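In the working numbering, the protein residues as written are 752 to 794.
Reviewing the structure listed below.
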Amino acid sequence: VLVPFALLIAASRVVLGLHYPTDVLAGAALGALIAAASQVVFF
Numbered sequence: 752v753l754v755p756f757a758l759l760i761a762a763s764r765v766v767l768g769l770h771y772p773t774d775v776l777a778g779a780a781l782g783a784l785i786a787a788a789s790q791v792v793f794f
């Protein structure tokens, strides 16, 4: 449920002109990196 919601928000930020697509991709990559690192450290 949360992933489609996040994708819709990311797409809306680009469509509304609030962010460049590279901003959204960089944020997604950073979030994925932090999630993977925290999973390695804490689990």
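C-beta atoms are modelled at their ideal positions from N, C-alpha and C, and glycine is treated no differently.
Quantities reported herein were computed from a predicted structural model and do not represent experimental measurements.
Check: From Ser763 to Ala777, what does the alpha carbon distance come to, in whole angstroms?; Outcome: 16 Å
Check: What do you reckon, are the CB atoms on Val752 and Ala761 nearer than 8 Å?; Outcome: no
Check: Tell me which same chain residues have a C-beta within less than 7 Å of the C-beta of Leu767, skipping the five on either side of it?; Outcome: none
Check: Using beta-carbon positions only, say whether Pro772 and Val765 come within less than 8 Å of one another.; Outcome: yes
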